[in-house]
Amino acid sequence: MRSRLGIKLTLLASLAVIPVSLTACHGELKLAQSAASKAYQSVGKNTGDITVSESEVSRIASKYLVPTEEVAAVAGQADNYRGWSVPQSRVDKMAQIAKAAKNNEAVSAGVDVACDWMKGEITTQDQFLASVVEAAKGMTDSELQAYWKAVGELADQLTEMMEEGTAKDKAAAALFCYTYSVL
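FYI, in my numbering the residues of the sequence shown are 1304 to 1486.
The following block contains the structure:
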């Protein structure tokens, strides 16, 4: 019985490494293609690959207080985790607003604001509102109201994910913030 358990644990451990090794390429991790495509589309750009260097994985992990191993393990399948899919649904709404306002940069800027709120770099409602207004330059009042609501909901979702999500969901949320900051 004990040897079977050991064999099962060894098998499970080796299977857990597969997603990391499949996404690793020359010291870089490749973000899941579907996640990268969705992010590119959200900011109005053609699709492409998003790679993360090993040093950047460490920086992301440190910045968002998640284990480096989790960030590496999640990268190749990031959009399969709530830490990516839940915030992405809010970004889809932001992208519609930004497209109508002809301001695709507002998507990444709004994600940055929400991620700064999640990390505690924005701490007051006044700072949050000022940051949203800055990100929404050129929007009409009604677009700004909808955008502000979407960014606020994204900030709440990301904060909740970091406070209550699984380790993999937290890592996916960290990759989510990183991805939109580099786009």
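Don't be surprised by glycine CBs; every beta carbon is placed ideally from N, CA and C.
Computed from a prediction, not measured in an experiment: that's the story for all the values here.
- Here T1426 carries a coil assignment [DSSP, helix/strand/coil].
- In the DSSP assignment, K1396 falls within the unbroken alpha helix (DSSP H) covering R1385 to A1403.
- For T1482, the enclosing alpha helix (DSSP H) begins and ends at A1470 to V1485.
- In the DSSP assignment, T1354 falls within the unbroken beta strand (DSSP E) covering T1354 to S1356.
- Here V1355 is actually not in contact with K1473; their C-beta atoms are around 16 Å apart, not less than 8 Å.
- Look at L1461 here: in three-state DSSP terms it is helix.
- Per DSSP, K1333 is not a residue of any alpha helix (DSSP H); the beta strand (DSSP E) it occupies stretches across E1331 to K1333.
- In the DSSP assignment, Q1344 falls within the alpha helix (DSSP H) that extends over Q1336 to S1345.
- Pairing A1458 with T1371, the inter-Cα distance amounts to about 23 Å.
- Residue G1351 holds the alpha-carbon nearest to the alpha-carbon of V1485 among K1452, G1351 and Q1430.
- Across the structure, A1433 and A1439 are spaced so that their CA atoms are roughly 10 Å apart.
- Apart from the 5 residues on each side of it in sequence, V1416 sits with its Cβ closer than 8 Å to the Cβ of I1425, F1431, S1434, V1435, A1438, V1454 and A1458 in its chain, given in chain order.
- N1349 counts as exposed, since fewer than 16 other beta carbons sit within 10 angstroms of its beta carbon.
- The beta carbon of E1373 sits closer than 8 Å to the beta carbons of A1364, A1470, K1471, K1473 and A1474 from its chain, once the five residues preceding and following it are set aside; these are given in chain order.
- For A1378, there is no enclosing alpha helix (DSSP H), as DSSP gives it neither H nor E.
- For L1368, the secondary structure class from DSSP, reduced to helix, strand or coil, is coil.
- Contact between V1414 and C1480 holds, with the beta-carbon distance rounding to 7 Å and staying under 8 Å.
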